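Residue numbers (our numbering), protein chains in the order written: chain A, 10 to 662; chain B, 1178 to 1259.
Cβ atoms here follow ideal geometry from the backbone N, Cα and C, with glycine treated the same way.
Model, not experiment: these values are computed from the prediction.
Just below is one structure, and these are the notes that go with it.
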């Protein structure tokens, strides 16, 4: 967050952004591992009284009192009954039975969403600058639901229950579970109730990419956020004895500086008796074969930083961490305990070839610090979970991507930057990656939009973020996917990368009410019992009414043709609400596929006044295509100044 | 192990609460007591759902699910940070 406000255009658009007073009326609730209240990101300098609507509390517990809250951090609660019922009492020698964050994750996410501005922030000098949450003047309330042994749904539901009652405006949840129907998923259930109360719920899409169907949190009333990179990097080159150099990334900075000469270099798989020795798992390296050497480890299975610790424990003096097919060329920087750098698969393979072919391989690592202006950016992170949506394929997910790679934000005083027990270093800020990091970016941006448009529904805010998201770089090229090195698709980036300044003034929005979502559940043929579980009230689907998922007024289009798809016709109905000036919008369809024809009716929509609604229908006519074919495109409504864009994903199954 | 307890989230249909109960929490407690003398509520939920969470055996959970006014008895799930 020393870079993301600039990357998102928040720094140049002060006159377009809501005033500080209105932002400070917005409360962001974060369900996570708690908070380190001493972090400078939670200083309340310049904040006025807590909003009068706030009903939350600052709960006391281990190493945490009501005095730890202030006009910035206005609420802090913890929920451990479900955890303790399953795993026994919280071990207070290892973690605080209180809102205090002993892990770091919750402090990072909450400061990303709504942390105050902190000058001179960095991690060991990397990513130096002023760190700030996306809604730096918003209030923050934390709900600790994740403990050493995990996050339990009874606790999550209790936290959402309280957050709704407390009066949060935005809920940020960087967690997920296994795929399940909405009525079985506590996050989806709680989010439905929150949505009904006007609370915007942002959730992480998951880190199970680049596999298809790997998304979490896909309920349409949730905003599902994938991760992209910034234009910032932390280069650290590998220089080999054969004179070749390979680019990598690292956040290493310490006393154990490599001597300025080539050092013995070994492949972990050749310095181990274990079949998975290449992974540098605990206890698998033979010290005699790695001592005094740089070790190449393959990425996967155990945490990246743990591999560095394993090499160090075995006497290695440096590490090169090589990606495999699963990660491609995605480079995630880590604050390793020893001099180390991460390289992509291509470079890693070439380095391995050198290791296998040279009888006395040597290498060194050169650390270059922080570089900005890296292009292209953003690119979709390989780890970011991908569609299609396995629960409801007719709803396109993820909704959008936001910065989630190498994000600097607040950290705890109780854990080192790697999170390893053996890491005794302490830092005020840490740089980590995940859709956990992209989710709170969107939460903070949603808070800004809420401040600017207090009467907008969660669906309207989501629509604004989605329809103004971008899918091309400034040079016109399409967003890239680091996992493939090719153009990314709506299954990877959803509607695109968030553009908050445009989202403040989207022109038109696709709005939705709770009843619209209940009609959607009717279309899914959910039983009365299942719908009542979600709705918390009797809601009967009208037997005489024809419900269709394609009628849900969603800001994107997922079209699924069955086997073959020949002559199949699928119609989607949408309604746009004018939230801008009067004007006429014309449609532009971009979808080049022999397998489908798209027609929009009408092709022009004229709005004379604010909040006026106009409907249109999109007809997708399919042709026969091989199974597992996908085609992608966009529908854009434009008045000449604003573009209200929606992605289209067409699939043949 | 049939006697092993697990955490369940119990969804109640509040509109179906019998008139004899003054407060929904009394109804929740009564429903729980009807299947287990020892089970305690971990949480009662007011906003996110109507219901409560508790520890039950599988048999108790199935019996509770068959009681009037019970929408579902869902086994607790574990989530992970992303």
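Counting every other CB atom within 10 Å of its CB across the protein chains shown gives residue 1237 (chain B) a total of 16 or more, marking it as buried. Taking the C-beta atoms as reference points, residue 43 (chain A) is found no nearer than 8 Å to residue 176 (chain A). Per DSSP, the beta bridge partners of residue 1251 (chain B) are B:1186. For residue 645 (chain A), the beta-bridge partners assigned by DSSP are A:597 and A:654. Along the stretch 193-206 of chain A, going in chain order, the ones with a CB nearer than 9 Å to a CB of chain B are 193, 194, 195, 196, 198, 199, 200, 201, 202, 203 and 206. Chain order gives the chain B residues near residue 169 (chain A) as 1225, where near means a beta carbon separation below 7 Å.
Residues of chain B with a Cβ closer than 8 Å to the Cβ of residue 174 (chain A) are, in chain order, 1223 and 1224.
Where residue 336 (chain A) is concerned, there is no enclosing beta strand (DSSP E), because DSSP gives it neither an H nor an E.
A distance of 8 Å or more separates the beta carbons of residue 59 (chain A) and residue 178 (chain A). Beta-bridge pairing by DSSP links residue 49 (chain A) to no other residue. For residue 569 (chain A), the uninterrupted beta strand (DSSP E) segment begins and ends at 566-570.
Every alpha helix (DSSP H) of 4 residues or more that sits fully in the stretch 18-77 of chain A is shown, in chain order, as 29-32. Nearest to residue 206 (chain A) by alpha-carbon distance, out of A:465, A:419, A:328 and A:478, is A:465. In summary, no residue of the stretch 383-410 of chain A has a CB separated from any CB of chain B by less than 8 Å.
Of A:188, A:163, A:128 and A:115, the smallest CA-CA separation from residue 152 (chain A) is found for A:115. Rounded to the nearest angstrom, the Cβ distance from residue 185 (chain A) to residue 158 (chain A) is 17 Å, too far for a contact under 8 Å. The beta carbon of residue 542 (chain A) lies closer than 6 Å to those of 192 in the same chain, with the five residues before and after it left out.
The continuous alpha helix (DSSP H) containing residue 448 (chain A) extends over residues 444-461.
According to DSSP, residue 138 (chain A) shares a beta bridge with A:130. Scanning the stretch 266-333 of chain A from its first residue to its last, the whole beta strand (DSSP E) runs of 3-plus residues come out as 272-276, 303-307 and 327-331. Ranked by how close their Cα comes to the Cα of residue 317 (chain A), the residues A:307, A:282, A:345 and A:29 have A:345 in first place. Among the CB atoms of chain A, one or more fall inside 8 Å of the CB of residue 1257 (chain B). Note that the C-beta distance between residue 620 (chain A) and residue 586 (chain A) is below 8 Å. If you look at residue 182 (chain A), you'll find it in the beta strand (DSSP E) that goes 179-182. By the Cβ-count criterion, residue 182 (chain A) is buried, with 16 or more other Cβ atoms from all chains shown falling within 10 Å of its own Cβ. Contact between the stretch 488-501 of chain A and the stretch 601-616 of chain A is absent: fewer than three C-beta pairs spanning the two stretches fall below 8 Å. Here residue 500 (chain A) carries a helix assignment [DSSP, helix/strand/coil]. For residue 490 (chain A), the three-state secondary structure derived from DSSP is strand. Residue environment: residue 190 (chain A) is assigned as exposed (fewer than 16 neighbouring CB atoms within 10 Å of its CB, all protein chains considered). With a cut-off of 8 Å on Cβ pairs, the stretch 550-562 of chain A is not in contact with the stretch 650-662 of chain A, counting fewer than three such pairs. Contacts with chain B at 8 Å (Cβ-Cβ) do not include residue 502 (chain A).
One thing to note: residue 108 (chain A) has its Cβ within 8 Å of the Cβ of residue 68 (chain A). Counting of Cβ neighbours within 10 angstroms places residue 98 (chain A) among the exposed residues, the total staying below 16. Contact annotation: residue 197 (chain A) and residue 231 (chain A) have beta-carbon atoms nearer than 8 Å. The three-state secondary structure of residue 122 (chain A), taken from DSSP, is helix.
Contact check between the stretch 1191-1198 of chain B and the stretch 631-649 of chain A: fewer than three CB pairs, one atom from each, fall below 8 Å, which does not count as touching.
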